[in-house]
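Engineer: First the structure, which I've put down as structure tokens, then a few questions once you've had a look.
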Amino acid sequence: MFALESDDIRKTFGHFTALAGVTLNVERGEFLALFGRNGAGKTTFLKIAATLVRHTHGKLRVEGVDISDEPEKARRYIGFLSHNTYVYRDLNPVENLRFFARLYGLKDPEHRIESLLDRVGLQRRRSDPVRGFSRGLHQRLGIARVMLHDPSLILLDEPYTGLDAHAVETLDQMLDEASAAGKTIILTTHDLEQGLRGATRAAIIDRGKIVFTGAANTAAIREAYASYIRVGVSR
Amino acid sequence: MKVKILAILSVITMIPALYMIFLFAPTEATQGNAQRIFYIHVPLAVVGAYGSAIMLFIGCLGFLITRDLKWDRFAACSAEMGVVFTAAQLLTAMMWAKPIWGTWYAFDSRGTLQIVLLLIYIAYFMLRSYLPDREKRAKLCGVFGLLGMVDVPINYLSIYLFRTQHPQPVISPGGGGVDPDMAKTLLMSFIAITLLYAYVFVRRLTIAKVEEEVDYLTQVALANE
Amino acid sequence: MKPLTAIVFKDIVIEMRSKESISSMLMFGILVLVIFMFAFESSGLEKTVIGPGELWVAFSFAAILGLNRSLAMEIDNDCLQGLLLAPLGRGELYLGKVASNFAFMIIAEFIVLPVFFILNNLSFDQRFIGIAGISILGTLGISAVGTILSTISANTRMKEVMLPILQIPLSVPVIIAAVEATSQILNNEKPEISAWLTILAGFSIVYLTVSYLVFEFAVEE
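Residue numbers (my numbering), protein chains in the order written: chain A, 11 to 245; chain B, 19 to 243; chain C, 104 to 324.
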């Protein structure tokens, strides 16, 4: 059973092609690192999977649910984190999480919120408005928001951007825990070492196509990364 | 080729139309020569303002359903035609109203609707120019165009109701019994202006397509630099 | 229904903390009334003649302030994306935002309205209730069209300026109908306002339905 099945996903608009046919299956429990240059299509692909952007061709299923037919159902399985945290600055962490819990219609939200605040280490700041938070604290709350509805597929779009060392540690720890709990994770980044840290598999996307997939931490991925991304950057 | 035929046809019909308006049609008894404006004004309003509204509606709906950019271009060109023709139409209305009603403008039902329509066309354009991203522009303008055109019948209804409750100037440009020569002149003018509209519209659509190609090629050229 | 109330409740909590939306609408509304008073003081015109127009200019411009503020809050930190990730339809999201925009506008208007009565030396009788009723209907129309238009204008570079340019031409039927109905009530004629009320209700229904269907295009990236 696949957590994510992408069959020939294309995204074009007028003359512009963002994705030229991405076929990628991710098994349940896999931790996939998706590498690519800026503009290669990795963010577009992730946003399509998160139902934020509509694809022009192909089929994409999340936990067997077609995202075009039943987007609302698919969204229940998906947790999406980018470098923006999508939390309200005028609300405190508890209010923010309570709001999202209501949106998702969670049962017994208070218990879940407390345990999440413990895990991301925001208990002490629980009633301060988010406005005064540092980037790191912000992202910790963002992580709590993503994990709130217990998603089975976690999509992370360049989550390390702008994080301090401490926040990176929290994020890594949360990803390890999620991975150990059998969650499926897809993470995009352009940084090889950060991407490979916890990953079980790696893929490279270039000019809107998957050009390489293979087990993480092998010489092959490093070679492919060097040829596609390093070359791309220098050119 | 088709464009050329349209151009030739609109010239061929425009000359007799102008002849009929200024020389053939009899001078109206009460309004005098000012009434001749009406032969230009009515086709401009009907074809230019209302016709553009229907086309803008179709263009926006077409884009939202198919997500094909050609409908967005269609909508944009309709709105552009709408701005030009509605403005021209309002100008002719004022030229007529000043000598006949003694005022540049009267808030009667049609006149008010035309002004609101012109404002919506202009707002549509301003929105287009402030959206640099091609995809976003098409989507958001599609939504706004649709909402704007849905407004037109409601607007008409409310303005119509407004007029029935308030006294309005009674002389309408048509006058009472229509002379057959006047009717012929109006028909000819209608044909000429419809052809002119069609010609300019098709031309504008072609140019819009070329503009898009140029934009794309510029981007490609910049990317490969 | 649950996500809808969640959105309204969230907006209320934010408003209670920041106190930006209602207070700015309120202040602006009252300022418009005061300016009108100065502008027409020497004209000697009957208060009930200019009153309805004055009131609806105040309401519709104050509404634009509230709408801009409401969307600025969702755009800040990309919160709108967070809403789009939640398991609710785009149409429901639209209705949720309409509900909270409507609620805030009504609160501000119901404070401006007594000020209007006092400034114009009107007595608080049946007319007050009648005009309050028209305000509810008119404001529903303004928030129905304003919520989707503010989402559109938020994508442009100069969003605060763009909203009135888009909103005012489209709300002409609401303004005409609301001003006419208000004027008839205020002048205590035998009011023939059912046609105007129909237009107000019809406008709201049409725009709620159309916007519900196309809101997806306004928020899609």
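Glycine included, each C-beta is placed from N, C-alpha and C at the ideal position. These numbers come from a predicted model, not from an experiment.
Using the three-state DSSP reduction, which class does A:Gly-46 fall into: helix, strand or coil?
Structural biologist: The residue given as residue 46 of chain A occupies position 36 in the first sequence. Residue state, collapsed to three classes: coil.
Engineer: Taking just the CA atoms, how far does B:Ile-172 sit from B:Thr-212?
Structural biologist: Working through the second sequence from its first residue, we reach residue 212 of chain B at position 194. Working through the second sequence from its first residue, we reach residue 172 of chain B at position 154. Cα-Cα distance, rounded: 26 Å.
Engineer: Suppose you measure from the CA of C:Val-111 to the CA of B:Leu-204; what does that come to, to the nearest Å?
Structural biologist: Position 8 of the third sequence holds residue 111 of chain C. Position 186 of the second sequence holds residue 204 of chain B. About 57 Å.
Engineer: Mind listing the chain C neighbours of B:Ser-176? Cutoff is C-beta to C-beta under 7 Å, in chain order.
Structural biologist: On the second sequence, position 158 is the one that residue 176 of chain B refers to. Simply Pro-276, Ile-279, Ala-280 and Ile-302.
Engineer: Nearest-angstrom Cα distance between C:Asn-291 and C:Arg-230?
Structural biologist: Within the third sequence, numbered from 1, the residue matching residue 291 of chain C stands at position 188. Within the third sequence, numbered from 1, the residue matching residue 230 of chain C stands at position 127. Distance between the alpha carbons of C:Asn-291 and C:Arg-230: 8 Å.
Engineer: Is the Cβ of C:Val-105 closer than 9 Å to any Cβ of chain A?
Structural biologist: Reading the third sequence from its first residue, position 2 is the one you call residue 105 of chain C. First, the residue type needs correcting, since residue 105 of chain C is Lys and not Val in the sequence shown. Yes - at least one Cβ of chain A is within 9 Å of the one on C:Lys-105.
Engineer: Give me, in chain order, the residues of the same chain whose beta-carbon lies closer than 6 Å to that of A:Thr-223; leave out the 5 immediate sequence neighbours on both sides.
Structural biologist: Taking the first sequence and counting its residues from 1, one reaches residue 223 of chain A at position 213. For A:Thr-223, where only same-chain residues beyond five positions count, the Cβ hits under 6 Å are Ala-213.
Engineer: Can you round the beta-carbon distance between B:Phe-162 and C:Leu-269 to whole angstroms, since I take them to be within the 8 Å contact cut?
Structural biologist: In the second sequence, counting from the first residue as 1, residue 162 of chain B sits at position 144. In the third sequence, counting from the first residue as 1, residue 269 of chain C sits at position 166. So it is a contact: roughly 6 Å between Cβ atoms.
Engineer: Applying the 10 Å Cβ sphere with the 16-neighbour rule, what's the burial state of A:His-159?
Structural biologist: The count along the first sequence starts at 1 and reaches residue 159 of chain A at position 149. Sixteen is the threshold: when 16 or more other Cβ atoms of the shown chains lie within 10 Å of the Cβ of A:His-159, as they do, the residue is buried.
Engineer: If I measure Cβ to Cβ from C:Ala-161 and keep anything under 7 Å in the same chain, skipping five residues before and after, which residues do I get?
Structural biologist: Here residue 161 of chain C refers to the residue found at position 58 of the third sequence. Closer than 7 Å at the Cβ level, and outside the excluded window around C:Ala-161, lie Gly-132, Val-135, Leu-136 and Val-215.
Engineer: Put C:Ser-124 into one of helix, strand or coil per three-state DSSP.
Structural biologist: Residue mapping note: residue 124 of chain C aligns to position 21 of the third sequence, counting from 1. In the structure shown, C:Ser-124 sits in a helix (DSSP, three-state: H, G or I).
Engineer: Would you grab the beta carbon distance between A:Arg-136 and A:Asn-106 for me? Rounded to a whole angstrom, and I think it's under 8 Å.
Structural biologist: Numbered from 1 along the first sequence, position 126 holds the residue referred to as residue 136 of chain A. Numbered from 1 along the first sequence, position 96 holds the residue referred to as residue 106 of chain A. About 10 Å; that fails the 8 Å criterion.
Engineer: Which two residues bound the contiguous alpha helix (DSSP H) that contains B:Lys-202?
Structural biologist: Translated into positions along the second sequence, residue 202 of chain B becomes position 184. For B:Lys-202, the enclosing alpha helix (DSSP H) stretches over residues 198 to 241.
Engineer: Suppose contacts are defined by Cβ-Cβ distances below 9 Å. Is A:Lys-69 in contact with A:Glu-15 by that definition?
Structural biologist: Residue mapping note: residue 69 of chain A aligns to position 59 of the first sequence, counting from 1. Residue mapping note: residue 15 of chain A aligns to position 5 of the first sequence, counting from 1. It is a contact, given that the beta carbons lie within the stated cut-off.
Engineer: Spatial neighbours of C:Leu-311 within its chain, please: CB distance less than 6 Å, with the 5 preceding and 5 following residues excluded, ordered by chain position.
Structural biologist: For the purposes of this step, residue 311 of chain C is identified with residue 208 of the third sequence, where counting begins at 1. So the qualifying residues of the chain are Ala-247.
Engineer: Determine the DSSP secondary structure at C:Phe-213, reduced to helix, strand or coil.
Structural biologist: Looking up residue 213 of chain C in the third sequence gives position 110. In this structure, C:Phe-213 counts as helix in the three-state DSSP scheme.
Engineer: For my contact list, B:Ser-176 and C:Ile-255 are in at a C-beta cut-off of 8 Å; report their separation, rounded to the angstrom.
Structural biologist: Taking the second sequence and counting its residues from 1, the one referred to as residue 176 of chain B is at position 158. Taking the third sequence and counting its residues from 1, the one referred to as residue 255 of chain C is at position 152. About 23 Å separates the two Cβ atoms, so there is no contact after all.
Engineer: Assuming the contact rule is C-beta atoms closer than 8 Å, A:Gly-24 and B:Glu-46 should be a hit. Round their C-beta distance to whole Å, please.
Structural biologist: Taking the first residue of the first sequence as position 1, residue 24 of chain A is located at position 14. Taking the first residue of the second sequence as position 1, residue 46 of chain B is located at position 28. Wrong, their Cβ atoms sit about 52 Å apart, outside the cutoff.
Engineer: Which class does A:Glu-15 belong to by DSSP, given the choice of helix, strand or coil?
Structural biologist: As a position in the first sequence, residue 15 of chain A is number 5, starting the count at 1. Strand.
Engineer: Alpha carbons only, please: which of C:Thr-259, C:Ala-298, C:Phe-306 and C:Ala-257 is nearest the one belonging to C:Pro-276?
Structural biologist: Reading the third sequence from its first residue, position 173 is the one you call residue 276 of chain C. Nearest option by C-alpha distance: C:Phe-306.
Engineer: Nearest to C:Met-130 by CA position, among C:Leu-273, C:Arg-260 and C:Ala-166, is which residue?
Structural biologist: What you label residue 130 of chain C is simply residue 27 of the third sequence in a count that begins at 1. Out of C:Leu-273, C:Arg-260 and C:Ala-166, C:Ala-166 has the C-alpha closest to the C-alpha of C:Met-130.
Engineer: For a contact meaning CB atoms closer than 7 Å, what does B:Val-168 contact in chain C?
Structural biologist: Residue numbering aside, residue 168 of chain B sits at position 150 when the second sequence is read from its first letter. Chain C residues near B:Val-168: Val-309 and Val-313.
Engineer: In the DSSP assignment, what are the bridge partners of A:Ala-213?
Structural biologist: Working through the first sequence from its first residue, we reach residue 213 of chain A at position 203. Answer by DSSP bridge pairing, in chain order: A:Leu-44 and A:Thr-223.
Engineer: Going by the DSSP bridge assignment, what does B:Glu-46 pair with across the sheet?
Structural biologist: Locating residue 46 of chain B in the second sequence gives position 28, where the first residue counts as 1. Answer is B:Gly-50.
Engineer: For the beta strand (DSSP E) holding A:Arg-64, just list the boundary residues, first then last.
Structural biologist: The residue you call residue 64 of chain A lines up with position 54 of the first sequence. First-last for A:Arg-64: undefined, no H or E at that position.
Engineer: Return the residue from the list B:Leu-24, B:Ala-239, B:Glu-153 and B:Ser-207 that minimises the CA-CA distance to B:Trp-89.
Structural biologist: Against the second sequence, residue 89 of chain B aligns to sequence position 71. Taking only the C-alpha atoms, the option nearest B:Trp-89 is B:Glu-153.
Engineer: At the level of alpha carbons, what is the spacing between A:Ala-259 and A:Gly-205?
Structural biologist: As displayed, chain A neither begins before 11 nor continues past 245, which places residue 259 of chain A out of reach and without an answer.
Engineer: Which residues in chain C have a C-beta closer than 7 Å to the C-beta of A:Glu-105? List them in chain order.
Structural biologist: One-based indexing of the first sequence puts residue 105 of chain A at position 95. The contacting residues are Val-116.
Engineer: Alpha carbon to alpha carbon, what distance is there between A:Lys-21 and B:Asp-86?
Structural biologist: Locating residue 86 of chain B in the second sequence gives position 68, where the first residue counts as 1. Locating residue 21 of chain A in the first sequence gives position 11, where the first residue counts as 1. Answer to the nearest angstrom: the Cα atoms are 13 Å apart.
Engineer: Using the three-state DSSP reduction, which class does C:Leu-148 fall into: helix, strand or coil?
Structural biologist: Translated into the one-based positions of the third sequence, residue 148 of chain C becomes position 45. Of the three classes helix, strand and coil, the one that applies to C:Leu-148 here is coil, per DSSP.
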